[in-house]
Amino acid sequence: MDRFAKLLLQSGQTSISNYLLKNYTKLGMNSDELIMYLQIKRNIDMGNYLPDIEIIINATGFSKNKAYEILHELIQKKIMQIKTLKNKNGHSFDVYDFELMYDKLSQLSDVSDDINHKDKVAENTNKENNMTATERKNVFKQIESEFGRPLSPMELEEISAWIDKDKYDTKLISLALREAVLNQVYSLKYIDRILINWNKSNIRTPADVENMRNKRESHNKSRNNKSNNNDDFKIPIIKLDK
Numbered sequence: 001m002d003r004f005a006k007l008l009l010q011s012g013q014t015s016i017s018n019y020l021l022k023n024y025t026k027l028g029m030n031s032d033e034l035i036m037y038l039q040i041k042r043n044i045d046m047g048n049y050l051p052d053i054e055i056i057i058n059a060t061g062f063s064k065n066k067a068y069e070i071l072h073e074l075i076q077k078k079i080m081q082i083k084t085l086k087n088k089n090g091h092s093f094d095v096y097d098f099e100l101m102y103d104k105l106s107q108l109s110d111v112s113d114d115i116n117h118k119d120k121v122a123e124n125t126n127k128e129n130n131m132t133a134t135e136r137k138n139v140f141k142q143i144e145s146e147f148g149r150p151l152s153p154m155e156l157e158e159i160s161a162w163i164d165k166d167k168y169d170t171k172l173i174s175l176a177l178r179e180a181v182l183n184q185v186y187s188l189k190y191i192d193r194i195l196i197n198w199n200k201s202n203i204r205t206p207a208d209v210e211n212m213r214n215k216r217e218s219h220n221k222s223r224n225n226k227s228n229n230n231d232d233f234k235i236p237i238i239k240l241d242k
């Protein structure tokens with residue numbers, strides 16, 4: 001028993017707000033996502049700000065695919081994000097951050113006295129989540145399928161930023177992925193450059209991409225035809241009389 005008590009003390013404690021336990025489902029979280037949050041928070045409290053997926057798997061019993069899926073959901077639901085910070089020496093490091101989750105909790109408390117307003121906020125939030133949830137999942141799955149591996153949390157964050165911050169259409173992201181695959185470049189940076197170039201060229205929709213491709217194809221055909229015509233033209237050999 002003394003050994004057990006010592007182990008308990010050495011392991012430390014992870015505190016969690018009862019307000020979160022009471023309201024986490026109102027944030028759109030399920031029990032698996034709450035467990036993931038607790039495990040990440042446990043590691044953060046111990047100074048491990050971006051725990052390896054294997055650590056999480058060993059602690060939760062989730063499969064690797066399941067763990068990545070839960071991380072997808074937390075990022076997608078704007079419960080968690082990955083931030084880049086700097087230490088005292090100026091070196092950058094990444095951390096899991098749950099500020100968005102606490103912002104959502106704060107919004108719940110702000111409208112706790114106004115039931116109708118709270119229901120409206122929850123309804124609007126659910127509609128917004130439902131509108132993009134399936135499309136976002138499809139983008140994640142498409143990229144994972146083409147890359148032949150699971151996406152890392154950092155990659156998930158980058159893709160989510162395309163949707164949430166840059167406001168790229170998910171169909172446009174899929175088309176940029178297709179361009180990258182056709183060029184045999186399996187890199188988010190390459191896809192990002194495609195999206196940036198399209199944006200600079202005012203290409204914002206799948207229809208714009210189709211028009212661009214048609215123009216490019218017509219230009220290539222025209223150039224090839226011109227080249228073929230030049231090849232067919234032969235300079236006649238004329239014998240000059242002296």
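Take 1 as the starting number for the sequence shown in UniProt numbering and just add one per residue.
From the three backbone atoms N, C-alpha and C, an ideal C-beta is built for every residue, glycine too.
- Take the alpha-carbon of N43 and the one of I82: they are about 15 Å apart.
- Taking all protein chains shown into account, E99 has fewer than 16 neighbouring C-beta atoms within 10 Å of its C-beta and is therefore exposed.
- Listed in chain order, the non-local C-beta contacts of E144 below 7 Å within the same chain comprise P150 and L151, local neighbours out to five positions each way being set aside.
- A direct Cα-Cα distance of roughly 20 Å separates T84 from Y68.
- Spatial neighbours of L177 in its own chain (CB-CB distance under 7 Å, excluding positions within 5 residues in sequence) are listed in chain order as Q142, I143, E146 and I191.
- In terms of Cβ geometry, L195 and E155 do not form a close pair [threshold 7 Å].
- For the segment 11-35, the continuous alpha helix (DSSP H) assignments of 4+ residues that do not extend past its boundaries occur at 18-23, in sequence order.
- Within the same chain, L172, L175, W198 and I203 come within 8 Å of V209 by CB-CB distance, once the 5 residues on both sides are set aside.
- Out of G148, F140 and N89, the CA that lies nearest to the CA of E157 is found in F140.
- Looking at the DSSP output, L85 sits in a beta bridge with F93.
- For R149, there is no enclosing alpha helix (DSSP H), as DSSP gives it neither H nor E.
- Sorting A180, V95, K78 and Q184 by C-alpha distance to the C-alpha of K86 places V95 at the top.
- Around the beta-carbon of P206, fewer than 16 other beta-carbon atoms lie within 10 Å, marking it exposed.
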